[in-house]
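In terms of the numbering used here, the sequence shown opens at residue 21 and continues consecutively. We put the CB at the ideal spot given by N, CA and C, even for glycine.
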Amino acid sequence: LLGALADFAAIAIDNARNYQRISELVITDDLTGLYNARHFHELLEYEVDRAKRYGSQVSLLFLDLDHFKEVNDTYGHLVGSRVIAEVGHLIRRHIRSADRAARYGGDEYVIVLPNTGKQGALSAATKMLERLHEHSFQADSAEQITMTASFGVATYPDDAPNKTELIRAADTAMYDAKEGGRNGVCSFENDFIKKYEMPGK
21 LLGALADFAA
31 IAIDNARNYQ
41 RISELVITDD
51 LTGLYNARHF
61 HELLEYEVDR
71 AKRYGSQVSL
81 LFLDLDHFKE
91 VNDTYGHLVG
101 SRVIAEVGHL
111 IRRHIRSADR
121 AARYGGDEYV
131 IVLPNTGKQG
141 ALSAATKMLE
151 RLHEHSFQAD
161 SAEQITMTAS
171 FGVATYPDDA
181 PNKTELIRAA
191 DTAMYDAKEG
201 GRNGVCSFEN
211 DFIKKYEMPG
221 K
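So, in structure tokens, the structure goes:
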């Protein structure tokens with residue numbers, strides 16, 4: 021009887037583990053290990069609702085790798101995929117436990133910063149850009165690949181009244197960073213964009 025109970029318990033544990041694994045796969049991007057875009061929208065909506073309820077702030081970072089197409093064209097898509105994966109791992113290692121990061125699509129990433137105002141978000145984006153500069157990306161030939169990114173920063177409720185407008189504000193700031201020369205951080209402040217660029221870059 022005890023042996024039969026142990027067998028049923030083992031099956032139940034395996035089923036629970038499999039269910040948890042399947043649940044993780046549904047919300048996770050295969051390449052980077054970050055959340056996928058669909059789950060990001062759910063996370064951001066939750067954080068914006070919570071910020072509204074408690075009168076706090078939530079910031080959003082939008083980042084896009086600069087000239088990523090050149091990596092694919094020069095070194096091939098396998099190396100390009102490896103770079104995307106490494107950037108995802110880099111982001112995951114250097115965000116706070118309360119923060120949530122996702123691959124938004126292609127070579128774009130988003131980071132949700134709960135209970136974080138504009139200055140804290142700008143500091144987080146600048147530090148992430150520094151980590152990107154410090155990381156050693158390599159082609160199959162061991163040739164060094166220099167990667168930079170353009171960051172857009174927006175904060176609820178300062179820059180947007182809801183989730184959709186917050187995404188639009190951060191995306192607008194990111195594209196302004198692109199147009200301003202790339203390799204920098206821009207914030208969205210009531211239609212005013214301020215550019216923060218790494219010293220000496």
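- When the beta-carbon positions are compared, Val107 and Ile165 stay at least 8 Å from each other.
- The C-alpha of Met148 lies about 53 Å from the C-alpha of Gly23.
- In this structure, DSSP gives Arg116 a state outside helix and strand, which the three-state scheme calls coil.
- A Cβ-Cβ contact shorter than 8 Å links Ser79 with Gly137.
- With contacts defined as CB atoms closer than 8 Å, Leu64 and Lys183 qualify as a contacting pair.
- Unbroken alpha helix (DSSP H) runs of no fewer than 4 residues, entirely contained in the region 157-205, are found at 183-199, following chain order.
- A Cβ-Cβ separation of about 14 Å leaves Met194 out of contact with Phe88 under the 8 Å criterion.
- Within the same chain, Cβ atoms closer than 8 Å to the Cβ of His114 are found at Lys147, Met148, Arg151, the five residues on either side in sequence being excluded.
- Taking Phe157 as the centre and dropping the five residues before and after it, the same chain places the C-beta of Val103, Ile165, Met167 closer than 6 Å to its C-beta, in chain order.
- Ala159 and Tyr95 have their C-alpha atoms roughly 7 Å apart.
- Asp119 is positioned such that its CB atom lies no closer than 8 Å to that of Leu142.
- In the structure shown, Thr136 falls within a coil segment according to DSSP collapsed to helix, strand and coil.
- For Ser76, the three-state secondary structure derived from DSSP is coil.
- About 18 Å separates the Cβ atoms of Thr52 and Arg116, ruling out a contact at the 8 Å cut-off.
- Asn92: member of the alpha helix (DSSP H) spanning 88-95, first to last residue.
- In this structure, Leu186 keeps its C-beta atom at 8 Å or more from the C-beta atom of Ala121.
- Just so you know, the alpha carbons of His97 and His109 end up roughly 18 Å apart.
- The Cβ-Cβ distance between Gly204 and Ser170 falls below 8 Å.
- Excluding five sequence positions before and after Ile47, the CB atoms of its chain that fall closer than 7 Å to its own CB belong to Tyr55, Asn56, His59, given in chain order.
- Looking at the DSSP output, Val130 shares a beta bridge with Phe82, Ala122.
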